[in-house]
Each structure stands twice: as structure tokens, then as C-alpha cells.
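Notes follow the structure.
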Amino acid sequence: MSARLIALLVVALAPGAWASDAFFATEVVDAVALPQAPSGVADPAWARVPGKAFTLAPQRTLRLNDKLANEALAAPGVSEVLVRAAHVGPALVVLLEWSDGAADLVRDDEVNTYADSAAVQVPVSFGPGLRLPAISMGDEAQPVRLWLQRATKTGSQLSALMAAGFGSSTRQGPATPREGTMAWEAAARRWRAQFSVPLDAKAALVPMSFAVWDGARQERAGNKRLSSWRFVRVPGRTPDAAYVKAMAWGFSPGDLGDPQKGKVLAEAVCVSCHHLPGRAIAPVGLAPSLVDIGVIATPGYLRESIVSPSEVVLYGPNPNQHYDKSQARDPNGAYPNNDGFRWFTVGADGKRTSKMPSFAGFSAEQLGDFVAYLKTLDGKGSTP
Amino acid sequence: MSKRQLAMVMDLNKCIGCQTCTVACKTQWTNRNGREGMYWNNVETKPGMGFPKKWEEQGGGFDANGNLNEGVVPSRYNDYGVPWDYNAAEIMKAAEFKAQTEPRGGPNWDEDVGAGDFPNSYFFYLPRICNHCSNPSCLAACPREAIFKRDQDGIVLVDLARCEGNRMCIAACPYKKIYFNPKLSKSEKCIFCFPRIEQGLPPACADQCVGRIRFVGYLDDVDGQVHKLVNVHKVALPLHPEYGTQANVYYVPPMSGPRRFDKTGKPIEGSERIPRAYLESLFGPAVHDVLERMNAEVEKRKTGAPSELLDLLIAYKHSDMFRLGKPRPGFKLPVMK
Ligand code: SF4
Ligand code: SF4
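Chains as they are written, first to last, in my numbering: chain A, 21 to 404; chain B, 1356 to 1692.
This is the structure in C-alpha cells:
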């Protein structure tokens, strides 16, 4: 690239680039162009690719019913995943690296053990004008693609899935999982797993999120640890400035306000339905718990869900988890479900509306304070 | 939840613990493809740990307010048990006779042990299948909603195409009647022999029951024995009603049988061998009234007076125990090859 062209680019990008420096520093992995895909996690080519560490928090927005898995949630579950990315022709090859106490593998002789696993998630569509999918496996308007690897004796089982919300993931392609690339490094006590994500010819900034499961903590399904949406920047391509601006909200000084003021606000308006650290007044399951929300949600998503909660209506847990004993039983003895625990109402047209009221009346300053506080909820608090 | 509900009534006074039902089920459904360790039907001795071991202490079901409880997924090695072999070859060389792997459990692990001290020891058999509950907690727990209840008969089934083997259902079932298939990585359970039901045939366990203890029919079929025993005579009770799943297998509780003996070996008049408190812990407080009415019915019958209830329970004709509609015209039972 000529010096003149670089100078031009700097001029063209300068305002956006300055404002989003912090965003690129903490939220974006720069992919490195490689002539060919690494053959696996041990390929020496990975040594030339720098990585970035992202925080993972245990999924505690909704509580599942395995007693031992829930007990494990009481111990600190916050961890990190180191992500490296390579751009190879029509794909992004991603290497995840994370620590674990021991290797837990898929077994065919025991029925209460779970395998260490990892997954990457990418929106089906993304780019200028499109919001990110809900972090919990997408939503109906914004579905996601997922790649999942479960550790086996010989490597891993790799599955490709699509999902449009919690509990909706559906396998794509062959019914039997393919052989993946996941390797345990006993001395370092860490897993490495390589994923290949198809990339279209134009995408310059690819949203991606990461999850790992520790079998020893009984983790499987929604009992997992996950990151918020992060991004991979494709080398040699220039991200759309407006898209960067939209995604980067909340990462530059001045976007967010005073977390202390936000805390006062949140404790006044949120706790009748949501759990906050040390403030668990609402019945479990009434609404998503916010104890780790700062790790798993982006500032933009938090702002949107306060201003227009029905933009993304989370489906929530299985509606049969609560039944209503104040109602009459049907002729077969069944109680009807307790709709008080549903997170939405359904209109005559079948459209779902979140039960959460909109707080669009908040001033920009109040919103900034609010999101600043929610971003401090870092997953390190114990389950309330 | 469903339009109709199939149910089974088991008369515990007639079960002889022969395990024919267990074997009928196993050969029909669970002797292959990773299901070998499952017993969709098992017969356990009560009092006893049962199968899987101490299943009554593993949580699940709903709390008193109708909220799903937490539960535990049992272990194959420690709770369900794995089959073992003996060192048959070595004992010919005068080795000590022993198991090749340490036996830790099995489907009839504490069979016939029971409780109480001689000569007042007691036990009875409790055959168990999935209860095809009206508020199934297995179904409620599945984050993928892969478990469904059939509208036409209330049979609870796993959609194996949706099941991802996450086992929340196993933690949730307080009866531990849904199992993990480690070969397929799916959860599987008693299907109430729905392919047989659809042909007008009772489930294999009921059809082959040697003791003729099992009645099968729809709860709303007012001419059916199931309806009469559950809703008219009200002598059949669900197991552990406090689990809150509204189970649809109903048990006629065991009448106490022989009296207790005193120190001198004389029977104590009016005493009962099986403690009522124990029966209440299984079938709830309604068990007292049921047993009193059944005892009264027996006394009445002794005088020669007719008893519809006892005639029903005797089940003179095995085929009268099942009311499932007529088989499809031209239907023939498939021949096993
Ligand atoms: S007995 Fe267990 S497996 Fe069967 S329907 Fe009830 S909760 Fe589900
Ligand atoms: S076949 Fe009938 S009598 Fe025999 S163990 Fe089973 S339920 Fe009892």
C-alpha cells in the first residue's frame, strides 16, 4: 500500500477510528492472512497469529434444574478464552484456547458424565443496519449459526447447528457428527480447538461469540460459560464506519455514565422482576437474572433492551416449569401452566411482546448511567 | 394437557415378583442399541432402595407451589449397576469364587430383603413403569422442549430428533423413569407400548403379567375397570403423589396379609404386618381410607354378599382387564424372526 493511500485512509477514517479505539482494543480480534488453513491446533502457523483473551461468565440468566450443576455455579466460574483468527480464502479459521482442570470426554459406559466442549456462534446476517442477535443463541429475527465440538478419546465430535433462540438449535448437515479438532495439553492443563467459519467476500468485521463447557462442573446445554458478542476483523478489508459506530457504542469515554447512579436506578426499577448481585427478591425464573449481564451482553444490547424491550423478545425457559395450583385441574388431573413465569405475552396476531415495560422515558444521561452499572456486573458475584 | 389419558392400575396384592413384565419389556424394547442398562419396567422390593438405588432421594418433580424442583442424574456404575460375571474358569483351578468386577447395583439388587425383624419381617413388590404423568416434570425440564405428551392418550414421548442428550429430564423425573442412552446420546423412556396401543393391544408388561395385576384403559372410559377402580371405588392411588407430577399409574395398596406375632409366637389380633406409616409414605394419607374400605369389602364378601370391587380385582378374564378399542381390521401380530 502506498504511503499516499495510507494517508488518505487515515484521513477518511480518522474520526471513527479515534472514537472506536477502545472498541478495537478490547472487542476485536485481528485475523492474520494465512496462505492455507492450519492443519490443526498444533500447526506451527498458529505461532505467528496473536490472540486476544475474552472473559467468559457462567450462564446464570436462567436456572436449569440439575442440582449438581447448580451447586457448581456457586464456585467462581468466570474464566477466559484466548482467541486467534486466521483468514484463509473463503473462511475464518479460529483457534480457541482455555484452561481446564482435567479432560472430560464423551463416554459410552457412563450416563452422568459430560464432555468438555466449545462452540463459536456467528449471526446468519450481520452488517450495516442490522442489530446483533440475542447472545443466547439468537432470536427469531436474527438467527445464528453455531459450530460445536465435544471432546472424545480421539479428538472431538464436530456439529454444525442453526438456532433462533434459547433451546432452538437444530443440527445442519450430516446426522452423525464429523471429526473435529480439539486437543488436550496435559502439561498446560488446557484445551485447544480449531473452528472453520465460512466467510463471504465482503465481510470486514465478523461478529462472533464463544462458549465452553466443563464436564466436571456438569456443564452441558445452557449450563456453560459464554462471552458477549466480539468481532473478528478481516485483514485487508475496511469495516463500514457506520457499522463500527453502532457496534462500538459503550466502549468510548463519554458513551457511558456513572455506574453508582446507575446502580441506584437499577435497584429501584429492576429488582421486582430481575435478580441483581445481592438483590434477589423476585421468584427464580420470573425474568432473566442480571447477575452476570455485564460479561455476556454488549452495551448496545443493554441500552436497546431498556428502551425497547420488545425488539428482542427472549423465549425464556420451558413454559411447563411452573404450573398454577390456584387453577382448576383438567379432567386428567393436569394443572395449567403458570403464565406469570412467561417472559412475554402473545397478541391475537401471534406476535410476542415482552412483559418488560419500556424505559424510553429515561434521559440519555440516565441510560448512560444505567448501562454503565450493568456493565460492572462481571460474573464474579455469587448466585444470589 | 392431553385430551384423553391412558392409565394403568396395578393391584399390589397380586404381584408375585416374577419379573415376567420386566423381561417382556426388555425383549420388546431395551435389549439392544445402548438401552441394555435401562429397565423401562422394573419390579422392586419395598421397603428397599429400588432401581436405580435410592431413587426416592434424588429430587425432581414439583414443589408444593407447582415449581419444578432440582434433581440428580444417577450413575450407571453406582446407582443403576452394571452386570457382572464370575470367575467360572478359575474356580476349576480351586480359586476363590468371586465376581470379576465389583457388583454395586442392579435392577433387583435388594430383592426380597424387605424390613422388620423375624418373625415379623415384611415386604411387597412394587412394579414400576413411567407414569405418563399429567404434569410431567421430565417434559417441563427439557430446555429444548423435546418431550411431548400425545393428545389422544397422554402418552409421554421423547422426540429423538430434538433430544440432544442433555439429561435435564433425568434430573427432573422424581421416579427416575427416563434413562440416558450413552451410545446414541439421547434420553429414552417407556413408551407405554404405543405401537401396540394403536393396534388395540395392551402394553407387553400388562399382557404378559402372570399375576394379572395390571389393568389398562382410559381414565374417562366410564365402563372401564381403570375408571371404576380409580374414580368410582377409589381404591387405586398414585405413587408418591407429593412429587406433584400427577402420575397415571395407580396402585391398589397391599393389604397387610398375616398378623404380627407376639413374643410367644401367637398372632396379635387386629395387628398389621406392613406399617401403615410406611404405606402412607408411598401412597399418601388416602391409603388409610382405601385399606379400611377394602378390608370391609373382604369381610362383606366373607358373608356371601356380592362385591363388585372384589370381582373387578379378581379379574376373572384377563382380556377384561384391558379396554383399548378394537384392533384394526386384518391386524396380525408381527412374528419375531
Ligand atoms: S414418570 Fe418421569 S419420565 Fe414418566 S412422565 Fe412422569 S416425569 Fe416423565
Ligand atoms: S409380571 Fe405381573 S406378577 Fe410378575 S412381577 Fe410383573 S407385575 Fe408382578
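Ideal Cβ placement from N, Cα and C applies to all residues, glycine included.
Run through chain A and tell me which residues come within less than 7 Å of B:Lys1538, C-beta to C-beta.
Asp128
Check: B:Ile1510 C-beta below 6 Å from any heavy atom of ligand 2:
no
In this structure, does DSSP put B:Asn1650 in helix, strand or coil?
helix
Should B:Asn1388 be labelled buried (16 or more other beta-carbon atoms within 10 Å of its own) or exposed?
It counts as exposed.
Among A:Ile316, A:Gly200, A:Thr258, whose alpha-carbon lies nearest the alpha-carbon of A:Ala221?
A:Thr258
Does B:Glu1553 have its Cβ less than 7 Å from a Cβ in chain A?
no
To the nearest angstrom, report how far apart B:Arg1517 and B:Ser1357 are at their CA atoms.
21 Å
Are any of the Cβ atoms in chain B nearer than 7 Å to that of A:Gln347?
no
Would A:Tyr343 pass as an interface residue toward chain B - the criterion being a Cβ-Cβ separation below 7 Å?
yes
Leaving out the 5 sequence neighbours to the left and right, which residues in its chain are closer than 7 Å to A:Ala92 when beta-carbon positions are compared?
Arg237, Gln238
In three-state DSSP terms, what is B:Phe1535?
strand
Pairwise C-alpha distance: A:Asp234 and A:Pro227
24 Å
Per DSSP, what are the beta-bridge partners of A:Glu117 in this structure?
A:Leu102, A:Arg212
Measure the C-alpha to C-alpha separation of B:Pro1609 and B:Pro1593 and round it to an integer number of angstroms.
13 Å
If you check the beta carbons only, do A:Arg245 and A:Pro96 fall under 7 Å apart?
no
Are at least three pairs of beta-carbons, each pair with one atom in the segment 333-340 of chain A and one in the segment 184-192 of chain A, less than 8 Å apart?
yes
Assess, as a yes-or-no matter, whether the segment 1578-1597 of chain B is touched by the segment 1631-1650 of chain B under the definition of 3 or more beta carbon pairs within less than 8 Å.
yes
Using a Cβ-Cβ cut-off of less than 7 Å, list which residues of the segment 220-241 of chain A approach chain B; keep chain order.
Arg240, Ala241
Got a list of residues with beta-carbon closer than 6 Å to any non-hydrogen atom of ligand 2, in chain order?
B:Cys1370, B:Ile1371, B:Gly1372, B:Cys1373, B:Gln1374, B:Thr1375, B:Cys1376, B:Val1398, B:Tyr1480, B:Pro1482, B:Cys1564, B:Val1565, B:Gly1566, B:Ile1568
Backbone secondary structure at A:Ala27 - three-state DSSP
Legend: pLDDT at A:Ala27 = 44, less than 50; position of this residue unreliable, value from coordinates given subsequently. DSSP places A:Ala27 in helix when its eight states are reduced to three.
Just to make sure I have the definition right: I need the residues of chain A whose C-beta is within less than 8 Å of the C-beta of B:Met1356. Which are they?
Chain A residues near B:Met1356: Asp350, Asn352, Ala354.
Closest to B:Gly1509 by CA distance: which of A:Leu397, A:Gly381, A:Gly353, A:Val217 is it?
A:Gly353
Work out the CA separation of A:Pro194 and A:Lys173 for me, nearest whole Å.
21 Å
At which residues does the beta strand (DSSP E) containing A:Asn90 begin and terminate?
Looking at the DSSP string, A:Asn90 is not in any beta strand (DSSP E); the run it does join, the alpha helix (DSSP H), is 87-92.
Express the C-alpha separation of B:Ala1670 and B:Thr1377 in angstroms, rounding to a whole number.
21 Å
Note down the Cα distance separating A:Lys345 from A:Pro351, rounded to an integer number of angstroms.
15 Å
Could you tell me whether the Cβ of A:Leu246 comes closer than 7 Å to any Cβ of chain B?
no
B:His1673: buried (16+ other C-beta within 10 angstroms of its C-beta) or exposed?
exposed
Applying a beta-carbon distance threshold of less than 9 Å, which residues of chain A neighbour B:Gln1455?
Within chain A, no residue has its CB atom less than 9 Å from the CB of B:Gln1455, the nearest being about 15 Å off.
Counting pairs of Cβ atoms below 8 Å between the segment 1407-1419 of chain B and the segment 1482-1499 of chain B, do you hit three or more?
yes
Own chain, CB closer than 6 Å to A:Cys293, minus 5 neighbours either side, in chain order:
Ala302, Leu306, Ala307
Is it right to say A:Phe251 is buried, meaning 16 or more other beta carbons lie within 10 angstroms of its own, or is it exposed?
By the Cβ-count criterion, A:Phe251 is buried, with 16 or more other Cβ atoms from all chains shown falling within 10 Å of its own Cβ.
Smallest Cα separation from A:Gly256: which of A:Ala62, A:Gly109, A:Arg68?
A:Gly109
Given 6 Å as the limit, tell me if B:Cys1518 has its C-beta closer than that to any heavy atom belonging to ligand 1.
no
What three-state label does DSSP hand A:Gly388 in the structure shown?
helix
Status (buried if at least 16 other CB within 10 Å, exposed otherwise) for B:Asn1603
buried
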